[in-house]
Every structure is written in structure tokens, then in C-alpha cells.
Amino acid sequence: MGMKISVLYLGRMEFPKFRLVQWEDEGEMIKSPAVALLIQHPTLGNILYDTGNCHEHQKLYTPEMKHNYPVVECISVKEALAAKGLTPDDIDRIIISHLHFDHAAGLKYFVGTKAIEKVMVSEADLKEAWFSVTTGNGGAYIRELFDVEGIRFDPVSQDTWLADDLGLFVQKSHTPGVIGLILKTEHSGTILATSDTVYSRESYDLGLPPGGTINKTTDEFFDNLARIKAMEKEYDAELLFGHDFDQIQEWAARGWIE
5 MGMKISVLYL GRMEFPKFRL VQWEDEGEMI KSPAVALLIQ HPTLGNILYD TGNCHEHQKL
65 YTPEMKHNYP VVECISVKEA LAAKGLTPDD IDRIIISHLH FDHAAGLKYF VGTKAIEKVM
125 VSEADLKEAW FSVTTGNGGA YIRELFDVEG IRFDPVSQDT WLADDLGLFV QKSHTPGVIG
185 LILKTEHSGT ILATSDTVYS RESYDLGLPP GGTINKTTDE FFDNLARIKA MEKEYDAELL
245 FGHDFDQIQE WAARGWIE
């Protein structure tokens, strides 16, 4: 029996589209979902990819993040797991694509569990996060969200296979290191999860690089986009994007993907 995957919709942010991708109409708004993937693997156990926002966003998030990327709906990862009949204690391992607030804020729910001692993250992103929050230039990194009690990081510096059907690939775009996933399912083919290196199907199809000031240049985005396109062809894969509201809603409604 192969692994099962479930997309967990964790609420949304709403803000001007130009803050997500390069866009001329500064008045156009966009819904940006928070999301996690729950992976039930026959040998690795329960794996969680990302943890979304937390209910204390008004208290913990910086004024800049609350202004630029306001959370208008929050479903904690703890609540989403409960809907699957699970608790944070049931998670064996956590993989964080990158340590920005809307991916790492749910780590607080795993304090005291075995999963908090096995948090995989890109080594380059971890270094960037620590440097940013300790020099007063945190941006989307917020120390209180990832520097939680008892956390032990397992840094990943290169593409890594945890099992024959579950691979991690490190992308240098959006941050110095964003972990994507290669998920080879038994009945639904291969899925590539890009996280925030490619925000949406529109961004992928039109080649829309990130907006705002997240990427210093667009070169990394286009280099990584070419890599993703090559991987899509190599694995004959379906892509799961980082903040595509319609796709996340649709995939979450599918239940378990096997």
C-alpha cells in the first residue's frame, strides 16, 4: 500500500495582487491561501509539510506583515489535523518549505511532541532566517514563530530522497533555499509541490515573478521556473503551487490522494 496525501486548507490572506506577483493594477486584490500537506507514508509515518498561520497572528506578526499580508481567515494546523482524526502528537516528522510566517507559524502547536525534534528545513533558508531576525531585518521571518521551545532542525543542503516515492528538492528562489516535494503516488501519478517559488498556475503559465521586494532579481525565479518545467516533463508530473487559491480549495476537497 502506497502513501496517501491530503491538502489541508488553513485559511487565507487578502491583499493587493502586486504584493504577490509583478502586476500593474495596484488596486486588484487576491486571495492567498495558507496550506499544509499531510502525508501518510507506509514506512515513514505521518509527515507534515508546512504549518500555516496561527491564531495569535495579531499579537505575533510584525506591523509590516499585518499591513502587507493581512490574515482574514485562520484555520490552525491543529484544527485541520483534528478534522482528519489526528493530533500534533500523531505527526512523526515536519518539513518546512521555508521559514516565512505563513509557513512556520503553526510550529507552536507541536511543542512537546516528537515532531518538533525532527523539523527539516533548507540549510540556506535557516541561515537566512536567523541572520534576518538577529539583524533587525526580519521581513517575513518572525523569530517567535520558528524559535519555539524544544525545536531541533534537520537542515537539508541538497536534493534528498526520504523514500523511493518521496523526494525533497532545494530551490534557490523566493528565499535562498525553498524545499519542494516530489511525491510519487500509486494511483494519481507524480505530484511536484513547488511552495512559493511558483505561487500559482497563472504565475507558472505567464512567467510572473514575485512582486514586492522578496527577490532581489528575477533571474532566480526564471532559472527555477525552467527547472520546474523540466522536472514536470521528466516525472510527467502534476504541479501543486504555493498560493493558488482555487487549486488549494479544489485539492483540499478531494480528500485523500493515493
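Offset between the sequence shown (1-based) and this note's numbering: plus 4.
Beta carbons: idealized from backbone N, C-alpha and C, even for Gly.
Predicted model only: the values in this text are computed from it and were never measured.
Can you give me the C-alpha to C-alpha distance between I95 and A86, rounded to a whole angstrom?
Going from the Cα of I95 to the Cα of A86 covers about 12 Å.
Roughly how many angstroms lie between the CA atoms of V81 and K88, to the nearest whole one?
Going by the C-alpha atoms only, they are around 11 Å apart.
To the nearest angstrom, report how far apart D93 and K118 are at their CA atoms.
Roughly 7 Å separates the two Cα atoms.
I believe I146 touches L52 by the beta-carbon criterion, under 8 Å. Please report the beta-carbon distance rounded to the nearest angstrom.
No, I146 and L52 are not in contact; Cβ-Cβ is about 19 Å, not under 8 Å.
Does the distance from the CB of Y208 to the CB of L24 come in under 8 Å?
Taking 8 Å as the Cβ cut-off, Y208 and L24 do not qualify as a contacting pair.
Measuring straight from C-alpha to C-alpha, what distance separates G2 and H45?
Residue 2 cannot be examined here, being either before or after the span of the chain that is shown, 5 to 262.
For A109 versus H61, is the C-beta spacing smaller than 8 Å?
Yes. Within cutoff.
Rounded to whole angstroms, how far is the Cβ of I155 from the Cβ of L111, which I believe are closer than 8 Å?
Confirmed, about 7 Å.
Are the CB atoms of K131 and I98 within a distance shorter than 8 Å?
Taking 8 Å as the Cβ cut-off, I98 and K131 do not qualify as a contacting pair.
Measure the alpha-carbon distance for P20 versus T179 and round it to whole angstroms.
Cα-Cα distance, rounded: 21 Å.
For I43 and R258, what's the separation of their Cα atoms in angstroms?
When rounded, the distance between both Cα atoms is 14 Å.
Excluding the five sequence neighbours on either side, which residues of its own chain have a C-beta within less than 8 Å of the C-beta of G31, listed in chain order?
Only P20 meet the Cβ criterion.
In whole angstroms, what separates the C-alpha of P67 from that of G6?
Their Cα atoms are separated by approximately 44 Å.
Apart from the five residues just before and just after Y73, which ones in its own chain have a Cβ nearer than 6 Å to its Cβ?
Here the set comprises M17 and F19.
Please name the residue in E206, Y13, E254 and R231 whose C-alpha comes closest to that of Q26.
Nearest C-alpha to Q26: E206.
Using a Cβ-Cβ distance under 8 Å, would W255 count as near chain B?
As a matter of chain content, chain B is missing from the structure shown, which is built from one protein chain.
So the candidates are L90, V39 and T47; which of them puts its Cα closest to the Cα of I100?
Residue V39 is the option with its Cα nearest to I100.
Let me know the secondary structure DSSP gives H107 once reduced to three states.
Helix, per DSSP.
Looking only at its own chain, which residues have a Cβ that is under 7 Å from the Cβ of T222, when we skip the five neighbours before and after it?
Result list for T222: P213, in chain order.
Can you name, in chain order, every residue of its own chain whose Cβ lies under 6 Å from the Cβ of T194, other than the five neighbours on each side?
For T194, where only same-chain residues beyond five positions count, the Cβ hits under 6 Å are K188, Y239 and A241.
To the nearest angstrom, report how far apart I232 and L41 are at their CA atoms.
Rounded to whole angstroms, I232 to L41 spans 19 Å at the Cα level.
Thinking H247 and S10 are a contact (beta carbons under 8 Å), I'd like their distance in whole angstroms, please.
Not a contact, Cβ separation roughly 18 Å.
With distances taken Cα to Cα, identify the nearest neighbour of K176 among D106, W134, A230 and M69.
Nearest C-alpha to K176: A230.
Apart from the five residues on each side of it in sequence, which residues of its chain come closer than 6 Å, Cβ to Cβ, to M124?
Taken in chain order, the residues that qualify are I99, D158 and V160.
In this structure, how does DSSP classify T138 when only helix, strand and coil are distinguished?
DSSP places T138 in helix when its eight states are reduced to three.
Leaving out the 5 sequence neighbours to the left and right, which residues in its chain are closer than 7 Å to R139 when beta-carbon positions are compared?
Checking the sequence shown, residue 139 turns out to be Thr, not Arg. So the list is empty, once near-sequence residues are dropped.
Hey, could you find the ends of the beta strand (DSSP E) Q253 is sitting in?
That residue, Q253, is in no beta strand (DSSP E); its alpha helix (DSSP H) goes F249 to A257.
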